[in-house]
Amino acid sequence: MLAMSHGTAPILLVSMPQMADPNFARTVILLCEYTEQGAFGLVVNRQMTEPAWTLVKTDPPVTVDPQVRLWIGGPVEPQRTWVLMTVSQGPEDEQREVAPGVLLSASHELTLQLLQAPPSRQARILVGYAGWGPGQLEQELAASGWLTLGVDPALIFGVSPEDMWETAIRRLGADPAALQTSSGVH
């Protein structure tokens, strides 16, 4: 487990079993920014079951590939989209490398392009994000709400969303069933 202080992002936050908030229970979050003003991250293991075409309304309309699924990036601003990818796509000035092998974009054009293409394991569209105000993440870490793990693109993009939380905890050398399940956080 890595020690957390401002500026340690990027890092993965792995929720403890006692996490009571349904938005974060059994989640893995890519923490992209962590400063004195707060923190910004994206849940990376919550794929929506509904096809994107049933949820997405664009103007002008686009034909969304029937196999594309959106991902829940977090409960904040669910109308906002992000693209998380392993290889650069679209204009380089509209993306940034969050960690080696993990790029982030808020490009509307790239989002539309990915909605119309067959799904790829190399990119995903997330709606919303996870945010913390000043001091909030520190309090949750002090309350043992999160475990921390280095960012691994193979975990984010190569492990199924259903298995990612347990895989991340096991990579830390822990058995999820043996972790303390005291009163919840959040």
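First residue of the sequence shown: 572, per the numbering used here; consecutive thereafter.
Backbone N, C-alpha and C fix where the C-beta goes; we use that ideal spot for every residue, glycine too.
Proximity below 9 Å, CB of residue i to CB of residue j
i, j, result
"V673", "L601", "yes"
"G645", "V669", "no"
"A596", "I696", "no"
"P747", "E733", "no"
"G716", "M590", "yes"
"L743", "L718", "yes"
"L750", "P588", "yes"
Beta-carbon proximity list for residue i, same chain, < 8 Å, skipping 5 on both sides
i, result
"Q608", "P705"
"Q707", "G609, A610"
"E663", "none"
Selected residue, minimal CA-CA separation from residue i, among the options
i, options, result
"E648", "A591, Q707, G702", "G702"
"P593", "A714, A688, I643, L712", "I643"
"S659", "E711, P588, S678, R651", "S678"
"Q693", "R742, I727, P637, D630", "I727"
"M656", "P632, T606, P690", "P690"
"R640", "T682, S676, A749, E709", "T682"
"T629", "G612, Q684, R617", "Q684"
Three-state secondary structure (DSSP) of residue i
i, result
"A580", "coil"
"L601", "strand"
"G729", "helix"
"T682", "helix"
"P588", "coil"
"A748", "helix"
"R692", "coil"
"I740", "helix"
"Q650", "strand"
"L626", "coil"
"E709", "helix"
"G755", "Confidence is the limiting factor: at G755 the pLDDT is only 48, short of 50, which leaves the residue's position unreliable, though a coordinate-based value still follows. Three-state result, G755: coil."
Cβ-based neighbour list, residue i, same chain, cut-off 6 Å, excluding 5 preceding and 5 following
i, result
"A739", "V585, V599, L720"
"S676", "V654, E665, Q666"
"V730", "T738"
Sequence-distant residues of its chain with Cβ nearer than 7 Å to residue i (five each side left out)
i, result
"G699", "I643, G644, G645, P646, V647, E648, P649, R651"
"P637", "P622, W624"
"V627", "V635, L686"
"N616", "T598, V599, P732, M735, W736"
Any contact of the region 720-731 with the region 578-585, i.e. 3+ C-beta pairs under 8 Å?
In short, these stretches touch, since the Cβ pair count reaches three.
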